[in-house]
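K.L.:
Can you keep this structure in mind? I'll have questions shortly.
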Amino acid sequence: MMGEQSDTGKRPEMELETYFAAARDTAPVPDAALLGRVLMDAGRVRLPWHRRLVRRWREMRAAMGGAPAMAALGCALVVGLWLGVARPDGVALIAANVVGGDDAAVMVDVMAGDAFASLEGAF
Amino acid sequence: MAQSTTDEAGGAEDDALLQAVVDGDMRAARALSERHLARVLAHAAHLLGNAAEAEDVAQEAMLRLWRIAPDWMPGRARVSTWLYRVVANLCTDQLRRRRGVALDDVPEPADERPDVEVEMHRATRARALGHALMRLPERQRQAVVLRHLDGLGNARIAQIMEISVDAVESLLARGKRTLSSDLLDQREELGLHDG
């Protein structure tokens, strides 16, 4: 008796399932045209310019070695700026020691006299 | 459940793919589309009962996914859950726009398969279910489609519909009761017998 009642209750459920199965089997499948449109949309979507800028900056910072490298670079920049603007006396002295104190000492004449011709003759 | 484990893994993979899409990787866009587009399209078709409108909704849902990609928070929501919600909202809008158009005026999807009896019965059942679903209240329809056509569990449906599991069970029970009486009453009329 109980079994019959249970069967009676399950029957509509099972019949309903045949409808669900039919709907699942006949559901539309995306064709190549729809996939193409969706991908075209994906290709068009771009980050706004300010977001792109932030992203580039982060990438550049990571490529240069992260925060410590950026801090060192910042320090060097500030010191260089200060040296250029304040021109402390010691700087001229250091520069003289480093480059020999004479502008001519750092000039290189690549075509001095017949140097090029003599080089050519050497080969 | 095995499916939820697969879903979790799939969720992390989706997040990574979405990030790659932001970086302009079209292969990632294709992979994401292949993972979700069929489900999105089928869900929209079941909610709307119209394949052509479902295509528009599916395309729009995917477009919204691409647009939100730069702001996507990995691990916060699943792409599939988000898409189900977007599709449901788009379908609601579409049905509102369609209001006033008689149900019978909605074109049926073309069936180009061989005209054998089994196929005919299957198509008739699918069509009858489509019509019966459209007569259900919207939330009941959404719950029934998610459970019985998309095959999701009640907990997941509750998450998608942003309601409790009890509320999902109630929607499903009422929806199926209405569908049963609606469909089984017209079996003879549709020429559908046992099997």
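From first to last, the protein sequence lines are chains A and B. Start counting the first sequence at 1167; every next residue gets the next number (this note's numbering). Start counting the second sequence at 185; every next residue gets the next number (this note's numbering). Each residue gets a CB set at the ideal place from its N, CA and C atoms; glycine is no exception. Being a predicted model, the structure only gives us computed values, none of them experimental.
Are the C-beta of Q243/B and some C-beta of chain A separated by less than 8 Å?
P.N.:
Yes, Q243/B lies at the interface with chain A (some Cβ there is under 8 Å from its Cβ).
K.L.:
Do you know how far the Cα of N234/B is from the Cα of T190/B?
P.N.:
Confidence at T190/B is low in this model, with a pLDDT of 48, below 50, so its placement is unreliable and the value that follows should be read with caution. So the two alpha carbons sit approximately 31 Å from each other.
K.L.:
Under three-state DSSP, which class holds L320/B?
P.N.:
In this structure, L320/B counts as coil in the three-state DSSP scheme.
K.L.:
Determine the burial state of S365/B: buried for a count of at least 16 other Cβ atoms within 10 Å of its Cβ, exposed for fewer.
P.N.:
The residue in question, S365/B, is exposed, as its Cβ has fewer than 16 Cβ neighbours within 10 Å.
K.L.:
Using a beta-carbon distance cut-off of less than 7 Å, what residues from the stretch 1200-1212 of chain A approach chain B?
P.N.:
Listed in sequence order: L1200, L1201, R1203, V1204, L1205, D1207, A1208, G1209, V1211.
K.L.:
Kindly list, in the order they appear in chain A, the residues whose Cβ is closer than 7 Å to that of M246/B.
P.N.:
Within 7 Å Cβ-Cβ: V1204, D1207.
K.L.:
Which residues bound the alpha helix (DSSP H) around A244/B?
P.N.:
Note that residue 244/B corresponds to Glu in the displayed sequence, not to Ala. Per DSSP, E244/B belongs to the alpha helix (DSSP H) from 235-252.
K.L.:
Give me the chain B residues within the contact set of A1188/A, using Cβ-Cβ distance strictly less than 9 Å, ordered along the chain.
P.N.:
Simply H305, R306, A307, T308, R309, A310, R311, A312, L313.
K.L.:
First and last residue of the alpha helix (DSSP H) that includes V352/B?
P.N.:
349-369 is the extent of the alpha helix (DSSP H) around V352/B.
K.L.:
Identify which residue in D209/B, L221/B, V224/B, A215/B has its Cα closest to the Cα of G1209/A.
P.N.:
Checking every option, the nearest Cα to that of G1209/A belongs to D209/B.
K.L.:
Return the CA-CA distance between A196/B and A261/B, expressed in angstroms with no decimal places.
P.N.:
Taking the straight line from one Cα to the other gives about 10 Å.
K.L.:
Show which residues of chain A have a CB atom less than 7 Å away from the CB atom of E353/B.
P.N.:
Going along chain A, no residue has its Cβ under 7 Å from E353/B, so there is no contact; the nearest lies around 15 Å.
K.L.:
Taking V352/B and A327/B to be in contact with their CB atoms under 8 Å, please state how far apart those CB atoms are, rounded to whole angstroms.
P.N.:
Contact flag correct, Cβ pair sits at about 6 Å.
K.L.:
Find the nearest neighbour of T276/B within the set H305/B, A307/B, A238/B, judged by alpha-carbon distance.
P.N.:
Closest option to T276/B, Cα to Cα, is A238/B.
K.L.:
Using the beta-carbon count (16 or more within 10 Å), is I341/B buried or exposed?
P.N.:
I341/B should be labelled buried.
K.L.:
Using a 10 Å radius around the Cβ and a threshold of 16 neighbouring Cβ atoms, would you call D1239/A buried or exposed?
P.N.:
At residue 1239/A the sequence reads Leu, which differs from the Asp that was named. Classification of L1239/A: exposed, given that the 10 Å Cβ count is below 16.
K.L.:
Once the 5 residues before and after M185/B are set aside, which same chain residues still bring their CB inside 8 Å of it?
P.N.:
Its pLDDT being 38, under 50, M185/B is placed unreliably in this model, and the coordinates cannot settle the point.
K.L.:
For R311/B, count neighbouring Cβ atoms within 10 angstroms of its own Cβ and tell me buried if that reaches 16, exposed if not.
P.N.:
Buried.
K.L.:
Between E239/B and chain A, is any beta-carbon pair separated by less than 8 Å?
P.N.:
With 8 Å as the cut-off, E239/B counts as an interface residue toward chain A.
K.L.:
Tell me where the alpha helix (DSSP H) around H332/B begins and ends.
P.N.:
Here H332/B belongs to no alpha helix (DSSP H), and DSSP marks it neither H nor E.
K.L.:
Could you give the first and the last residue of the continuous alpha helix (DSSP H) run that contains G1209/A?
P.N.:
Element bounds for G1209/A: 1198-1210.
K.L.:
Taking its Cβ as the centre, do 16 or more other Cβ atoms sit within 10 Å of H220/B, making it buried, or is it exposed?
P.N.:
Classification of H220/B: buried, given that the 10 Å Cβ count is 16 or more.
K.L.:
With three or more C-beta pairs closer than 8 Å as the rule, is the stretch 1228-1236 of chain A touching the stretch 261-273 of chain B?
P.N.:
No, the stretch 261-273 of chain B is not in contact with the stretch 1228-1236 of chain A.
K.L.:
Buried or exposed: Q370/B, going by 16 or more other Cβ atoms within 10 Å of its Cβ?
P.N.:
Per the 10 Å Cβ criterion, exposed.
K.L.:
For my contact list, D1207/A and W256/B are in at a C-beta cut-off of 8 Å; report their separation, rounded to the angstrom.
P.N.:
The pair is not a contact, with the Cβ atoms about 16 Å apart (cut-off 8 Å).
K.L.:
Taking A272/B as the reference, which of E301/B, L216/B, R323/B, M318/B has the closest Cα?
P.N.:
Answer by Cα proximity: R323/B.
K.L.:
Measuring CA to CA, which of A253/B, H230/B, V224/B is closest to D198/B?
P.N.:
Of the candidates A253/B, H230/B, V224/B, the one whose C-alpha sits nearest the C-alpha of D198/B is A253/B.
K.L.:
Pull up the distance between the alpha-carbon of V224/B and that of D350/B, whole angstroms please.
P.N.:
Using only the alpha carbons, I get a separation of about 25 Å.
K.L.:
Taking 8 Å as the threshold (beta carbon to beta carbon), is P321/B in contact with chain A?
P.N.:
No, P321/B does not count as interfacial toward chain A.
K.L.:
Just checking: is the beta-carbon of S364/B within a distance shorter than 8 Å of some beta-carbon in chain A?
P.N.:
Cβ-Cβ to chain A under 8 Å: yes for S364/B.
K.L.:
L279/B and L355/B: beta carbons closer than 8 Å?
P.N.:
It is not a contact, given that the beta carbons lie outside the stated cut-off.
K.L.:
Roughly how many angstroms lie between the CA atoms of V1251/A and V1245/A, to the nearest whole one?
P.N.:
Rounded to whole angstroms, V1251/A to V1245/A spans 10 Å at the Cα level.
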